[in-house]
Structure formats: C-alpha cells, structure tokens
Amino acid sequence: MSHDHSLNPETMPNEPEKATLEGKNKFIGFWFFLGGETVLFASLFGTYIALNNSTAGGPTANELFGLELVFIMTILLLTSSLTSVYAMYHMKNNDFKKMQLWLGITAILGISFLACEIYEFTHYITGYGFTFRSSAFGSAFYTLVGFHGGHVTFGLAWLIGLMIRNAKRGLNLYNAPKYYVFSLYWHFIDVIWVFIFTVVYLMGKVG
Amino acid sequence: MSTVAAQKRGFGAVLWDYLTTVDHKKIAHLYLFGGGFFFLLGGLEAMAIRIQLIQPENDFVSAGFYNELLTMHGTTMIFLAAMPLLLGLMNAVMPLQIGARDVAFPFLNSLGFWLFMFGGLLLNCSWFLGGAPDAGWTGYVPLSITSPGHGVDFYVIGLQIAGAGTLIGGINFLATIVTMRAPGMTYMRMPLFTWTTFITSTLILFAFPALTVGLFLLMFDRMFGSAFFDVGLGGNAIIWQHLFWIFGHPEVYILILPAFGIFSEVIATFSKKRLFGYTAMVFATMLIAFLGFMVWAHHMFTVGLGPVANSIFAIATMAIAVPTGIKIFNWLATMWGGQITINSSMLWALGFIPTFTIGGMTGVMVASVVADYQYHDTYFVVAHFHYVIVGGTVFGILAGLHYWWPKMFGRILNEAMGKLTFWTFFIGFHLTFFIQHFLGLMGMPRRYWVYLENQGLDLGNQISTVGAFFMAFGVIVFLINVVYTAVKGEKAADDPWDGRTLEWVAASPPAHYNFKQTPLIRGLDALWIEKTEGKGRPTPAEPLGDIHMPNSSFLPFMMSLGLFIAGFGFIYQTNHNWAYILLFGGMAIMLGCMMIRSLKDDHGYHIPKDELESEAD
Amino acid sequence: MADNTNSNEVNPFQKQKNKEEMQKQLITFALMILFTIIAFVIVATGMMDSMFVTPILLILAIVQVAFQLYYFMHMKDKGHDMPAVMMYGGLGAAILTLAALGVITWW
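Residue numbers (our numbering), protein chains in the order written: chain A, 27 to 233; chain B, 25 to 641; chain C, 47 to 153.
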C-alpha cells in the first residue's frame with residue numbers, strides 16, 4: 027500500500043503536521059475555525075459585560091469571587107499550555123514517548139482545572155444561592171464561564187481519545203496533524219481564559 | 025467505478041450513494057434539491073400571504089396563522105432556500121474553477137449539508153406539532169420569549185442546527201481555496217465567483233457565531249429558565265437585537281455577494297469580453313464585506329441608540345453604495361462593445377442590473393436616519409429588501425442555474441421555457457414589489473394581518489397579489505423545464521457557452537475526480553487564454569498518475585439525525601419527561617458517530633493509473 | 047496500518063533549532079506567569095485607583111494573549127499568513143461585538 031509508506035517515511039519531515047495535503051488542510055481549516063470562535067466568545071463576553079451589574083438584588087461579582095482559587099486555576103491552565111508546547115517540541119523531534127508523556131501531564135492539569143471549576147460553581151450555588159436562574163448576571167456568568175468549561179471538557183475528551191488511539195502505533199503523518207490541531211485548540215482555550223480571569227474575576231473584584 | 029456501471033444501478037443504490045456521498049458535485053445536487061424544496065415551501069407561504077392581502081379585511085387565514093406564515097416565509101427563504109442554493113452552486117463550481125479534485129474537507133462538506141437539511145426539516149416539523157414560530161424571522165424578544173407553545177423553540181433549535189451546517193460549509197470553502205488551487209492559480213487569477221465564494225465564506229465564519237450565541241441565549245431563556253432577556257431579573261432585550269443584527273447584516277451580504285460573482289461570470293462569458301475592472305471588482309467585494317460588518321445598527325435606528333451612534337451607522341451604510349456602484353459600472357463596461365448573446369442566463373443578469381439598482385437606491389433612502397423613522401416597519405422596507413434579495417440573490421441563482429446546468433447535469437435547459445420563466449417572473453416581480461414602495465409610503469405597516477377599506481391601499485395590494493401569481497407561474501414553468509430537460513433535454517458539450525474559466529475544461533457532468541491531470545494555470549480566464557494563445561486546453565501540470573479520493577461515509581447523515589432527534593428532546597423537555605430519552609439518545613448517536621469518525625482511520629482510496637488511461641478522455 | 051518502525055533520527059541542525067525555539071517558549075511562559083502575578087497582585091492589594099486598574103489589566107491580558115498566539119501557537123512563523131488574516135478578521139468582528147454590547151446597549 028503506497029499511502030502507508032508515504033505516511034510512515036524513513037525520516038520524519040521537519041513539520042510533520044503540514045507534510046501532507048490533509049495535514050495542511052486541517053491546519054488551515056482549524057485556524058479559521060478559531061477565528062470564528064473568537065467572535066463566539068466575544069459575543070459571550072459582550073453579553074456578560076452588558077449584564078454584569080444586573081444582579082437583581084442577588085450577590086454581586088465583588089461579593090462572590092475569591093481570588094485564590096482563580097489564581098490556582100489560572101496557573102494550572104497556563105502551565106498546561108506550556109506542557110502542550112513541550113509535547114509539540116517532542117513531536118518535532120519525533121520522540122513519541124516523550125510527547126505522550128507531556129500530553130498526559132497536560133491532561134492531568136486540565137482535569138485539575140475542571141475540578142476547581144466544578145468546586146467553584148457548587149460553592150456559589152450552595153454557599154450563596156447564586157444560580158443560572160437567579161439573575162441576568164447569573165445567567166451571563168455561568169454561560170460565559172460554562173462555555174469555556176465546556177470547551178475544556180471537550181478538549182480533554184479529544185486529547186485522551188487521541189492518546190489512547192495512537193498509544194500503540196506511534197507518530198506518523200496521519201496523526202501528527204491531529205495532535206498539532208489539538209495543541210492549537212488547547213492554547214486557544216488558554217487565550218479565552220486569560221480574558222475570563224481578567225474581565226470576569228479581576229475586573230469584577232475592582233468593580 | 026466506471027460510469028456505465030453507475031448508470032445501471034437501481035434506485036436504492038442511487039439513494040444510498042447520495043446519502044453517503046462526499047463528492048462535492050453530488051453534495052451540490054443535494055443542496056440544490058434541498059434548497060429548491062424549501063424555496064417552493066417558502067413560495068407557498070408567500071402566496072398565502074399575498075392571497076390574504078388581496079382585499080381589505082380578508083379572512084383567508086386567521087391572524088395567528090398569518091403570523092406563522094410571515095415568520096416561516098422569511099426564515100425559510102433566507103436560511104433554507106437562498107443560502108443553500110448558493111452553497112449548492114459554490115459546491116458545484118468553485119472546486120472546478122480553481123482546478124481542484126475535491127474540497128479540503130469532503131466529510132465536513134457532507135456533514136454541513138445534512139445539518140442544514142435536518143435543521144430545516146426540524147423547523148418545518150413545527151407546522152404539524154402545534155404551530156410554527158410566529159415572532160417574525162428576526163425573533164425579537166420579548167415577543168419570542170412570551171410566544172406560547174413550542175413554535176419559537178423549533179425556530180431556535182432548527183436554526184442552531186442549520187447554522188452549524190452553514191458554518192462548517194464556510195470553513196470548508198475557505199480551506200479549499202487557500203490550500204487546493206491548481207499550480208499557477210494565484211489569488212489574483214481566481215475567477216470572480218471563486219473570489220465571492222471566498223469572501224462570503226469569511227462572512228459566514230465571522231457572522232454566524234454571533235447568531236449561535238444569540239440563539240443559545242434565547243434557548244436558555246425559553247427552555248432552561250435563564251434571565252438574559254427577563255427585564256424583571258435585570259435582563260436586557262437589546263442584546264438580542266444587537267447579536268441578531270451583528271449576524272443579520274453580514275448575512276444579507278452572504279446572500280448577495282455570491283450572486284455578484286455569478287453575474288460577473290455570466291456577463292463576461294456572454295459579452296465575449298474579459299470582465300472589466302477585475303481588480304476593482306475583487307477589492308469592491310472585500311470592501312463591501314468589510315463595511316458590511318459595521319452597519320448592523322441601521323436595523324435599529326428607532327431603538328434609541330442616540331444620535332451619535334445612529335449617524336455613524338448611517339454614514340457607514342451609505343458608504344456601501346460606493347463599492348456597489350463600482351460593481352454596477354464594471355458590469356455595464358464589460359458589456360460595452362462586447363459581442364452580446366442574449367439567452368435566458370444573460371436575461372437574468374440584464375434584469376438584475378436595473379432591479380438591483382432600484383433596491384440599492386431605496387437602501388440609501390432607508391439608511392438616512394431621519395427618513396427611516398418614517399420608513400421603519402412599513403411596506404417600503406419590505407419592497408426594498410425584496411428588490412435586493414429577489415432582484416439580486418434569486419435572479420443570481422436563476423442566472424447561475426441556467427448557466428451551469430449543463431455542467432452540473434450534462435443537459436442544457438430549454439431556452440424557450442427559460443425565457444418564458446424570466447419574463448413572467450421579472451414582470452411579476454416588479455408588479456408585486458414596485459407598488460409596495462408606495463403602499464409603505466402611504467403608511468401600510470409590515471406584518472399586519474389585514475388593512476381597512478378605502479385608505480388608498482386596496483388597489484395597490486390587488487396589483488401586488490396579481491404580480492405574485494405571475495412569479496408563481498414563472499417558477500412552475502422553470503420546474504417543468506427541469507423535468508423536461510432531464511427527460512428530453514439537449515445533451516451538453518463540455519463547453520457549451522464558449523466559456524472563459526476552468527470549469528468548462530472538465531466533462532459535462534465532470535468525472536468524480538474532476539480532472540485527470542491537474543491543469544497548469546497561466547493567467548486570469550484560464551481557459552480563454554488557452555483558446556486564444558494555446559492549444560485550446562490547459563497544459564497538464566503533472567503526469568498521469570494515481571488519484572487519491574476520499575471514502576464515502578454514512579456518518580454525516582447519522583450525526584445530523586442524532587442532533588435532529590436531540591433537538592426534539594431539547595424542545596419537549598420543558599414539559600415532558602420522556603423528552604430526555606430523545607435528548608440523551610440523540611446526543612449519544614451524534615457523539616458515538618463522532619467517536620467512530622475519530623477512532624477509525626480513513627485514508628481514502630486511489631484510482632489506479634491504468635483505470636484512468638482506459639477511460640475515454 | 048504498519049507499526050511505525052522509523053528511527054528517532056532528526057537531523058542535528060534541526061534538533062538544535064527546535065531546542066532554541068523551546069528556550070524562547072520557556073522565556074515566554076515565564077513572562078506570562080509574571081504578568082499574571084502582577085495582575086493578581088494589583089487587584090488583591092488594591093494598591094491602585096480603580097480608574098487605572100482596568101486599562102492596566104486589559105493591557106496585561108492583551109500582551110499575554112499575543113505571546114500565546116505568536117509564540118505558543120507559532121503565528122510568528124512563516125506559513126501563518128492566512129491564519130493571521132483570519133484571526134485578525136475574527137478579532138475585528140469581536141471588537142465590534144464587544145463595543146456594541148459593552149458601550150451602546152441601551153437600558
């Protein structure tokens with residue numbers, strides 16, 4: 027089979043993610059998708075900014091948010107961004123085992139982030155009675171942060187699926203673009219989080 | 025794989041082929057069929073509206089049903105007819121025009137179609153399940169929040185699914201144009217239809233997410249008790265209007281720009297001249313797209329944004345007339361001194377120019393804030409947007425269908441019937457809508473069920489309804505033409521119009537791999553250059569070799585079906601517990617299919633070189 | 047699909063280049079963490095007037111995101127022209143959306 031050979035070359039090219047036409051398409055198409063996602067999150071941020079004072083007598087942003095947990099979450103997610111950079115570094119050096127290792131660390135960091143977020147939400151709901159339905163501010167907050175959390179969850183499922191599926195067969199030109207596109211997605215999640223911790227939490231604290 | 029075998033297959037095999045196809049040409053057929061079906065549905069709704077308005081205080085339909093009709097007419101025509109028909113033409117033609125064998129994401133291309141189709145079907149299921157949405161195609165809150173029953177729920181979920189499909193389609197076209205152009209096909213050598221496809225797809229990419237979010241907010245408010253638009257809990261109704269129009273205004277350029285592309289091709293071909301001012305045309309298209317994002321608030325002049333915001337948006341809106349004017353003059357200059365052939369395709373292009381110019385002029389009128397307070401929500405606006413959408417997009421689709429029919433189906437549409445379609449539809453269109461300008465100026469509000477006698481509105485409405493019947497007649501003639509052509513139509517040569525661009529190099533209809541050898545492009549109007557300075561066909565850019573093709577897949581259909589089922593779950597979980605079975609079952613089907621797609625390798629297949637050699641050229 | 051049997055050979059020049067690239071990434075990461083800490087400290091200590099805090103926070107966020115995009119996501123490398131066009135296009139639409147909902151929403 028000719029394609030098997032062409033997908034498992036003797037020496038890996040320098041940029042395995044873009045070595046095939048399929049890879050190039052995935053790379054370009056996914057970047058464009060992220061361009062669209064920018065508008066999606068901008069719409070959610072806009073909604074949040076328009077409604078963040080509409081507390082309807084419930085708790086305000088300043089009363090609700092604690093900075094410690096958000097700081098931990100931020101560090102977790104930023105670090106997971108770096109670990110996925112390490113994974114891509116090892117992909118370029120064609121070192122599959124190390125790549126999987128760093129991706130595994132990325133997944134663990136991502137799961138910890140998600141756990142913190144779930145804890146945070148339950149804390150708001152049980153501690154303050156602050157829910158999705160209690161005010162327009164509540165709806166906007168849970169929608170914006172929840173959409174990000176949903177993206178993290180999807181990314182984790184994607185990552186774990188990729189790692190298990192390819193665990194036994196190593197890196198080739200068919201799965202390299204998939205790994206690379208995942209790393210783009212993961213960085214993008216981080217980009218969104220930077221704005222969430224700035225606009226929602228820090229600016230919410232400042233008032 | 026040979027075509028002879030393909031023609032002998034039974035109905036079941038053909039059906040299965042279309043359900044699983046990832047071939048852009050067959051997906052184009054599906055889009056045209058699906059879009060055509062919804063176009064007829066929207067047309068029926070339009071006829072019912074016009075019949076209701078034929079005389080004062082008519083009772084052809086009830087007030088509530090009239091609201092459903094006008095909502096579904098708008099929604100159907102914009103989302104389920106005009107856009108899919110354009111996407112169909114893009115699918116059929118754009119890859120051929122850039123010399124590609126397929127699109128960048130054949131699987132996603134098919135997924136995009138099925139999402140659109142199931143979204144549209146879901147929306148229309150509402151007719152049989154307690155009433156269609158009735159809050160207008162714009163779905164303004166608080167009307168759409170307080171609308172009882174499940175009608176608006178169907179609007180929200182149906183559009184969400186169809187919108188996802190469109191977004192996927194847009195990304196696919198973008199990636200195709202960026203990565204899959206044939207050697208020598210630089211950006212500034214791309215035919216104008218490819219250019220408008222590209223720019224339209226960027227508009228889809230940046231506009232649809234705003235609609236997605238808007239629909240999510242509406243969905244959460246209606247189905248999950250959130251408070252985005254609930255003023256009592258601090259919500260704000262204006263957010264919906266902004267999100268809707270941030271999407272909605274680029275949307276009208278999504279509808280018109282591909283039509284501009286079609287006219288550019290048709291006019292150049294049938295004038296036997298290179299398109300006048302190609303570069304200006306490309307940049308005018310970009311400028312329209314760019315400005316198209318900065319004008320959404322002209323739909324909201326009467327909301328009370330204040331004089332500063334209103335003035336900015338008014339000026340930006342008027343500015344769009346400049347690039348549009350550039351285009352109109354370029355088309356006229358293309359025809360100037362050309363050797364013009366007038367056939368049905370060219371007739372639509374010729375009819376378009378004055379019609380669209382009228383629509384553009386009324387556009388500048390409504391862009392003026394002060395005057396808009398008078399025009400807003402009257403039939404003047406109705407007349408304006410039908411002049412641009414029907415006079416631009418629908419004329420464009422019909423021009424494109426007559427032009428590319430031989431390429432898509434291998435037969436030429438009957439010329440006599442084509443001309444009859446044009447004249448009846450064209451005359452009917454102006455009868456229907458020209459008078460509506462005056463009805464609007466006399467104060468007839470849009471979306472009203474009845475009007476009173478002797479207020480100067482009787483005759484105008486009568487004329488308008490008569491015109492609508494002319495249009496319906498034109499459409500019926502076109503349908504007969506389609507059937508007649510399929511049975512007895514003249515077989516088309518590869519290049520029946522003496523074309524200028526690359527799609528006329530491929531066979532009619534093209535082989536599933538489009539080009540045996542990828543062509544080498546030497547300039548703008550790639551085929552015309554070869555006709556005048558070369559051998560009449562482009563030189564191949566590669567030796568004959570194995571061709572890599574994608575595998576067919578049933579997964580896109582199943583994924584869309586899963587979302588369709590889950591959609592019912594979302595709609596009915598508000599008052600029925602059994603709906604959760606549909607919700608989770610549908611999502612499970614969709615996610616399961618996504619998993620299969622991810623975990624199962626799909627390398628496609630190769631058409632071997634000897635098979636290509638044995639096939640006739 | 048045959049198992050991947052190829053060796054881990056990457057030419058030494060490329061390996062060196064990748065390594066240098068990775069060092070840059072690490073510096074980027076350190077700066078990002080630094081900016082994050084600055085942002086949190088400013089807010090936690092309340093050391094600044096709230097008039098100034100908001101713009102500073104936004105600038106810190108934008109710089110951080112630029113690092114993320116240009117270094118972590120490699121937008122600075124060649125072959126990223128179209129991705130950059132589409133990201134900036136999206137950004138343009140995003141800013142308009144934010145302006146609309148943040149500034150001219152009518153109460």
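Ideal Cβ positions, reconstructed from N, Cα and C, are used throughout, including at glycine. Just so it is clear, the structure is predicted and the values come from calculations on it, not from any experiment.
Problem - Neighbourhood of residue 397 (chain B) by C-beta, 8 Å cutoff - its chain only, sequence neighbours within 5 removed - result: Excluding residues within five positions, the ones whose Cβ falls inside 8 Å are 325 and 326.
Exercise for the section: Rank B:321, B:267 and B:386 by C-alpha distance to the C-alpha of residue 333 (chain B) and give the top, closest one. Expected result: The shortest C-alpha separation from residue 333 (chain B) is found at B:321.
Problem - Length of the line joining the Cα atoms of residue 425 (chain B) and residue 369 (chain B) - result: Each residue's CA atom was taken as its position, placing residue 425 (chain B) and residue 369 (chain B) some 8 Å apart.
Practice task
Please report how far the alpha carbon of residue 113 (chain C) lies from the alpha carbon of residue 78 (chain C), in whole angstroms.
Solution key: Taking the CA atoms as reference points, residue 113 (chain C) sits about 8 Å from residue 78 (chain C).
Practice task
For residue 116 (chain C), I'd like the list of residues in its chain whose CB is within less than 6 Å of its CB, leaving aside the five on either flank, ordered along the chain.
Solution key: Closer than 6 Å at the Cβ level, and outside the excluded window around residue 116 (chain C), lie 122.
Handout entry: Within chain C, the residues that residue 224 (chain A) reaches when beta carbons sit closer than 7 Å
Key = Neighbours of residue 224 (chain A) on chain C, chain order: 85, 103, 104 and 107.
Handout entry: residue 435 (chain B) - partner residues in DSSP beta bridges
Key = When beta bridges are read from the DSSP output, residue 435 (chain B) appears opposite B:515.
Practice task
Could you name the residues of chain C that residue 190 (chain A) contacts, counting a contact when the two beta carbons are closer than 8 Å?
Solution key: Going along chain C, no residue has its Cβ under 8 Å from residue 190 (chain A), so there is no contact; the nearest lies around 16 Å.
Problem - Sequence-distant residues of the same chain with beta carbon closer than 7 Å to residue 214 (chain A), five excluded per side - result: Taken in chain order, the residues that qualify are 60 and 63.
Problem - Under 7 Å between C-beta atoms of residue 76 (chain A) and residue 230 (chain A) - result: In this structure, residue 76 (chain A) sits away from residue 230 (chain A), with a CB-CB distance that is not shorter than 7 Å.
Handout entry: For residue 536 (chain B) and residue 49 (chain B), the rounded distance between their alpha carbons
Key = Residue 49 (chain B) and residue 536 (chain B) have their alpha carbons spaced roughly 8 Å apart.
Exercise for the section: Taking the CB atoms as reference points, tell me whether residue 545 (chain B) and residue 116 (chain B) lie closer together than 7 Å. Expected result: Between residue 545 (chain B) and residue 116 (chain B), the gap from beta carbon to beta carbon reaches 7 Å or more.
Problem - Amino acids of chain B, ordered along the chain, whose beta-carbon sits closer than 9 Å to that of residue 210 (chain A) - result: What residue 210 (chain A) touches in chain B: nothing, since even the nearest Cβ is about 14 Å away.
Problem - 7 Å Cβ cutoff, residue 90 (chain C) in contact with chain A - result: With respect to chain A, the C-beta atom of residue 90 (chain C) has a partner C-beta closer than 7 Å.
Problem - Within-7 Å CB hit, residue 317 (chain B) to chain C - result: Any Cβ of chain C closer than 7 Å to the Cβ of residue 317 (chain B) would place that residue at the interface, and such an atom is present.
Problem - Separation of residue 49 (chain A) from residue 572 (chain B), as counted between CA atoms - result: Looking at the two C-alpha atoms, the distance is approximately 15 Å.
Problem - chain A residues whose Cβ lies nearer than 7 Å to that of residue 119 (chain C) - result: From the beta-carbon of residue 119 (chain C), the residues of chain A found nearer than 7 Å are 210 and 213.
Exercise for the section: Write down the C-beta distance between residue 222 (chain A) and residue 140 (chain A) rounded to the nearest angstrom, noting that I regard them as a contact closer than 8 Å. Expected result: Between residue 140 (chain A) and residue 222 (chain A) the Cβ distance is about 14 Å, and since that is not below 8 Å, they are no contact.
Exercise for the section: Between the Cα of residue 420 (chain B) and those of B:107, B:67 and B:61, spot the shortest distance and give me the residue it belongs to. Expected result: When only C-alpha atoms are compared, the closest one is B:107.
Problem - Rounded separation between residue 566 (chain B) and residue 209 (chain B) - CA only - result: Cα-Cα distance, rounded: 15 Å.
Practice task
Would you mind telling me which residues of chain A sit closer than 9 Å to residue 622 (chain B), beta carbon to beta carbon, in chain order?
Solution key: Under a criterion of Cβ atoms nearer than 9 Å, the residues of chain A adjacent to residue 622 (chain B) are, in order, 184, 187, 188, 191 and 204.
Practice task
Pick out whichever of B:63, B:264 and B:90 has its Cα sitting closest to the Cα of residue 168 (chain B).
Solution key: Of the candidates B:63, B:264 and B:90, the residue whose Cα lies closest to the Cα of residue 168 (chain B) is B:264.
Exercise for the section: Figure out for me which residue from B:388, B:386 and B:125 has the closest Cα to the Cα of residue 204 (chain B). Expected result: Scanning B:388, B:386 and B:125 for the CA closest to the CA of residue 204 (chain B) turns up B:125.
Exercise for the section: With a 10 Å radius around its C-beta and 16 neighbouring C-beta atoms as the bar for buried, classify residue 73 (chain C) as buried or exposed. Expected result: Exposed: under 16 other Cβ atoms inside 10 Å.
Handout entry: Closest by C-alpha distance to residue 584 (chain B), when choosing among B:99, B:72 and B:131
Key = Comparing alpha-carbon positions, the option among B:99, B:72 and B:131 lying closest to residue 584 (chain B) turns out to be B:131.
Problem - Start-to-end residues for the alpha helix (DSSP H) that takes in residue 382 (chain B) - result: Unbroken alpha helix (DSSP H) run through residue 382 (chain B): 368-391.
Practice task
May I ask you to report which of helix, strand or coil DSSP gives residue 631 (chain B)?
Solution key: Assigned with DSSP and collapsed to three states, residue 631 (chain B) falls in strand.
Exercise for the section: Answer with yes or no whether the minimum CB distance from residue 239 (chain B) to chain A is below 7 Å. Expected result: Not one chain A Cβ lies under 7 Å of residue 239 (chain B).
Problem - Contact the segment 588-601 of chain B vs the segment 623-631 of chain B: 3+ CB pairs below 8 Å - result: At 8 Å Cβ cutoff, the stretches do not touch.
Problem - Identity of the residues DSSP links to residue 573 (chain B) by a beta bridge - result: Paired residue(s): B:629.
Problem - For residue 45 (chain B) and residue 532 (chain B), believed in contact at Cβ under 8 Å, the rounded distance - result: Actually they do not touch by this definition, with Cβ atoms about 19 Å apart.
Handout entry: Under 7 Å from the C-beta of residue 128 (chain C): neighbouring residues of chain B
Key = Within chain B, the residues whose beta carbon sits less than 7 Å from that of residue 128 (chain C) are 202, listed in sequence order.
Problem - Contact set between the segment 45-59 of chain A and chain C, restricted to residues whose Cβ is under 7 Å from the partner - result: Taking 7 Å as the Cβ-Cβ cut-off, the segment 45-59 of chain A approaches chain C at 54, 57 and 58, given in chain order.
Practice task
Starting from the Cα of residue 186 (chain B), find the closest Cα among B:59, B:88, B:284 and B:554 and give me that residue.
Solution key: When each option's Cα is compared against that of residue 186 (chain B), the closest is B:59.
Problem - Exposed unless 16 or more other CB atoms sit within 10 angstroms - verdict on residue 5 (chain A) - result: Limits of chain A in this structure are 27 at one end and 233 at the other, which puts residue 5 (chain A) out of reach.
Exercise for the section: Would you kindly check if the distance between the Cβ of residue 551 (chain B) and the Cβ of residue 528 (chain B) is under 7 Å? Expected result: When the beta-carbon positions are compared, residue 528 (chain B) and residue 551 (chain B) come within less than 7 Å of each other.
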